[in-house]
Structures are given as structure tokens and as C-alpha cells.
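Colleague: Numbering (this note's numbering), first residue to last: 2 to 384. I am attaching a structure below and will ask some questions about it afterwards.
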Ligand code: GLA
């Protein structure tokens with residue numbers, strides 16, 4: 002499937018621009034645990050997947066750049082040194098953002114032609130946006146020999162999202178998409194960007210993603226609001242982030258918070274701890290414990306941090322009532338997208354069938370299982 006996508010984009014590039022392109026594949030990501038803690042300097046446990054964005058890029062022969070979004074059948078043209086963010090520009094601003102942030106680092110780039118397409122369902126919480134940002138920065142770096150390190154590239158991608166898309170995201174998505182390794186999760190310390198790779202051995206269990214097919218529309222402003230609350234709270238305690246705050250200290254100033262705010266901050270403190278416990282559970286091969294932690298995370302995201310939705314809660318409740326699903330939670334920013342489920346291998350098919358039927362009956366539309374393999378991060382495809 003990945004190869005077919007790459008071939009398709011390469012061929013369209015050749016027929017459109019009559020030149021062999023440089024091909025980049027940039028991965029989407031999943032996250033085992035550690036949700037909404039990356040922007041609090043916490044620990045997260047993501048992995049890159051075999052689905053993502055294929056991007057063909059080459060220097061242009063004239064003084065114009067053209068970018069074609071194959072999936073939307075849309076394109077736009079610009080001059081690289083006059084490019085500006087576009088109001089309601091959608092996908093365009095991810096690319097414009099990266100180009101501007103590369104230029105802001107003093108790096109010289111010329112006009113380019115680009116065609117891209119993805120096989121990550123948009124809005125499924127699998128970070129198609131980080132994959133797109135990483136794809137273009139990686140392509141530019143290679144094409145113009147910019148000598149950017151991976152770390153510099155992911156920081157450019159993140160800044161593009163902050164400054165040109167308007168989502169004050171953490172670093173998890175860009176990191177996982179860029180640094181992912183085949184068959185491994187990455188335990189990332191978001192404060193230092195140091196990480197350890199964890200080979201997966203889930204023994205009798207398998208990870209199953211169920212897409213609620215609910216697009217996370219509300220999420221941008223709420224995401225930024227949650228982040229602002231976290232930062233204001235850290236400041237109030239004179240800490241550099243919530244990573245440095247413990248429950249006792251928070252309790253000490255209970256009356257400075259509304260109930261809602263208090264629960265939100267408590268969620269972050271607890272989730273940072275849970276990600277560490279999850280790493281221990283994996284080291285001890287205690288999959289049931291890991292599963293319990295996933296359920297706890299969902300509970301926190303739904304009831305304390307309030308970033309879930311009815312459809313995601315339904316999927317997780319259904320999983321909880323199914324004995325052979327040992328863990329389940331919503332994944333990513335929230336308000337839609339996928340759940341990640343830890344299911345006994347032999348029970349995967351019946352689980353998918355029963356959850357799909359019940360979901361359809363309850364909401365009148367389908368949820369969709371998504372098959373993923375843990376894969377390497379953003380890379381050049383050699384022809
Ligand atoms: C989005 C953001 C990430 C992270 C997750 C929640 O995917 O891009 O930085 O905050 O939400 O964990």
C-alpha cells in the first residue's frame with residue numbers, strides 16, 4: 002500500500018513536471034500513553050507507523066513554486082521569497098509555515114515543485130499534519146543541502162504549526178514521525194528530547210485502532226486553552242512546567258482553582274506519572290497492568306481533562322465490558338479520531354465485529370478499524 006502510494010505520486014510528478022523527483026515518505030504516529038503531557042515537559046510513548054505522507058519534490062526551472070495536494074485535487078503557486086500565510090489556507094499553511102521557518106533560520110532555498118498525498122485518514126488523530134510538515138522540511142533539507150539536524154527539523158515543523166496553523170502543539174507528533182523505528186515504541190522525555198526505544202512484545206495481545214470517524218473540529222481552540230491553563234498554573238507555582246509540580250503542592254492551593262481547572266491540572270500530573278508506570282509495566286511484561294493504565298488515562302482525558310466525546314467514550318466503555326480487551330483509550334488531541342485498544346490476539350476479529358455493530362446501531366454511522374505497523378520515521382525513498 003505504501004509502495005503503491007509512492008509510485009502513484011512519483012508518476013504524477015513526472016507527468017506534471019517532466020523531471021525525476023526526490024521522494025520522501027513521512028510517517029504518521031500512534032501513542033501508547035502520555036496524552037496532553039508533551040507540552041508539560043512530561044513523558045510520552047509514541048511510535049511511527051507505516052501510514053503517512055508521500056511527497057515528491059524537485060527544484061523548479063523558473064521563478065515559481067507549485068504545490069499540488071493530490072488528495073484534495075488542489076494546488077497553489079507562489080514565489081518562494083514572497084510567500085505568506087493564507088487566511089483559511091488549510092493544508093497550504095502547513096507547507097508555507099515550514100518554508101517560512103526554514104527561511105527564518107537563515108537558510109537559502111529556491112523555488113520548488115511538490116506533489117503529495119497521504120494514506121493516514123485525516124482527523125483520525127494519527128498526525129497527518131506532523132507527517133506533512135516533516136515531509137517538506139526533510140525534502141527541502143536534502144534538496145538544498147541545508148545541513149539541518151533531525152532535531153532542528155522537528156522544531157521547525159512544530160514552529161510552523163504554532164505560527165502558521167495556530168495550534169500550540171507539543172513536540173510528540175513531529176518527534177515520533179521523524180525518529181520512529183521499525184517495531185519500536187519511543188519513550189520520550191519531552192523536556193530533554195532524550196529517548197529510549199522499546200521493542201514491542203505484547204505477547205498474546207495486539208494493538209487495535211478503531212477510528213470513530215468523528216473529526217476533531219472543536220479541538221484547536223480547546224487545545225490552546227488547555228495548554229494556556231497548564232502554563233499559567235506552572236507560572237503560578239513558579240515552576241518551569243507542570244512536570245515539576247506534585248499533587249501535594251497542587252492541593253495546597255486548591256482554593257485558587259475552580260473545580261474544573263483543578264481536575265485538569267491534576268490529570269496532567271497523574272498522566273506524567275502513568276507514562277512512567279507504563280514503561281515499568283512493559284519492562285516487567287505486565288500487559289494487564291499496561292492495559293489498566295490505558296483505561297485510567299481515558300477516564301482522566303474524558304472526565305478530568307474533558308477532551309473526549311460521546312463516540313470515543315462509547316468505544317472505550319464497550320471495550321471495558323469486553324473481557325478480552327485489557328486496555329483502551331482515546332488517542333491524540335481528542336474530540337474525535339481513534340481509540341487504541343489492547344486486545345487478546347485470538348479475540349481481535351470478534352471484537353472488531355461486535356464493536357462495529359454496536360457503534361453503528363448507536364450512532365447510525367460506521368467506526369473503522371485501522372491496521373498499523375510500527376515503522377521507521379521520515380526518510381528518503383531511494384529509487
Ligand atoms: C496533538 C498534539 C501533540 C499532543 C497530543 C496530545 O496530537 O499535536 O503535541 O499534545 O495532541 O497528547
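Note that CB positions come from ideal geometry on N, CA and C, so glycine has one too. Source: prediction; values computed, not measured.
Quick one: is residue 298 buried, meaning 16 or more other Cβ sit within 10 Å of its Cβ, or exposed?
Modeller: Under this definition residue 298 is a buried residue.
Colleague: Confirm the yes/no value for this check: CB of residue 389, any heavy atom of ligand 1, distance under 6 Å.
Modeller: Outside the displayed span of the chain (2 to 384) sits residue 389, for which this structure offers no information.
Colleague: Would DSSP call residue 29 helix, strand or coil?
Modeller: strand
Colleague: CB residue 282 to CB residue 295, shorter than 7 Å?
Modeller: Taking 7 Å as the Cβ cut-off, residue 282 and residue 295 do not qualify as a contacting pair.
Colleague: Quick check: the Cα distance between residue 335 and residue 2, rounded to an integer number of angstroms?
Modeller: If you take the alpha carbons of residue 335 and residue 2, they lie about 27 Å apart.
Colleague: Contact between the region 375–383 and the region 24–42: three or more CB pairs below 8 Å?
Modeller: yes
Colleague: Hey, would you say the C-beta of residue 299 is under 6 Å away from at least one heavy atom of ligand 1?
Modeller: no
Colleague: Return yes when the Cβ of residue 141 is within less than 7 Å of the Cβ of residue 54, no when it is not.
Modeller: no
Colleague: Does ligand 1 have a heavy atom nearer than 6 Å to the CB of residue 334?
Modeller: yes
Colleague: Does the region 51–69 touch the region 188–207, meaning 3 or more C-beta pairs lie closer than 8 Å?
Modeller: Touching, no.
Colleague: Please state whether DSSP places residue 6 in a helix, a strand or coil.
Modeller: helix
Colleague: Taking the alpha-carbon positions, what's the residue 20 to residue 152 distance?
Modeller: 30 Å
Colleague: Could you name the residues of the same chain whose beta carbon sits closer than 7 Å to that of residue 124, not counting the 5 residues immediately before and after it, in chain order?
Modeller: For residue 124, where only same-chain residues beyond five positions count, the Cβ hits under 7 Å are 216, 217, 337 and 338.
Colleague: Can residue 232 be considered in contact with ligand 1, in the sense that its beta carbon sits closer than 6 Å to one or more heavy atoms?
Modeller: Not under cutoff, so the answer is no.
Colleague: Using three-state DSSP, classify residue 393 as helix, strand or coil.
Modeller: In the structure as shown, the chain begins at 2 and stops at 384. Residue 393 is therefore absent and cannot be evaluated.
Colleague: Taking the DSSP output, what are the residues bridged to residue 186?
Modeller: 199
Colleague: Who pairs with residue 339 in a beta bridge, going by DSSP?
Modeller: Answer is 212, bridged to residue 339.
Colleague: Going straight from the alpha carbon of residue 7 to that of residue 56, what length do you get?
Modeller: 8 Å
Colleague: Using a threshold of 6 Å, is the CB atom of residue 36 nearer than that to any non-hydrogen atom of ligand 1?
Modeller: Yes, the Cβ of residue 36 comes within 6 Å of a heavy atom of ligand 1.
Colleague: Spatial neighbours of residue 185 within its chain, please: C-beta separation below 8 Å, excluding the five flanking residues on both sides.
Modeller: 48, 198, 199, 200, 201 and 375
Colleague: Roughly how many whole angstroms lie between the Cα atoms of residue 364 and residue 122?
Modeller: 20 Å
Colleague: Return the CA-CA distance between residue 327 and residue 165, expressed in angstroms with no decimal places.
Modeller: 40 Å
Colleague: Helix, strand or coil for residue 123 per DSSP?
Modeller: coil
Colleague: Measure how close the beta-carbons of residue 269 and residue 243 come, nearest whole angstrom, since I'm counting them as under 8 Å.
Modeller: 5 Å
Colleague: Label residue 280 either buried or exposed according to how many other C-beta atoms from any shown protein chain fall within 10 Å of its C-beta, with 16 as the threshold for buried.
Modeller: buried
Colleague: Start and end of the alpha helix (DSSP H) containing residue 299?
Modeller: 288–300
Colleague: Can you have a look at residue 340 and say buried or exposed, based on whether 16 or more other CB atoms are within 10 angstroms of its CB?
Modeller: Residue 340 is buried by the Cβ-count criterion.
Colleague: My output table needs one value for residue 324: the three-state DSSP class, helix, strand or coil.
Modeller: coil
Colleague: Quick check: the Cα distance between residue 309 and residue 15, rounded to an integer number of angstroms?
Modeller: 43 Å
Colleague: For residue 211 versus residue 370, is the C-beta spacing smaller than 7 Å?
Modeller: yes
Colleague: Give a yes or no on whether 7 Å exceeds the smallest Cβ distance from residue 146 to chain D.
Modeller: Included in the structure is just one protein chain, with no chain D present.
Colleague: Cutting at 7 Å between CB atoms, please list the residues of its own chain near residue 128, excluding the five before and the five after it.
Modeller: 29, 30, 174 and 178
Colleague: Cβ-heavy atom distance between residue 173 and ligand 1 below 6 Å?
Modeller: yes
Colleague: Taking the continuous alpha helix (DSSP H) assigned at residue 177, which residues delimit it?
Modeller: Residue 177 -> alpha helix (DSSP H) spans 173–180.
Colleague: Quick check: does the Cβ of residue 39 come within less than 6 Å of any heavy atom belonging to ligand 1?
Modeller: yes
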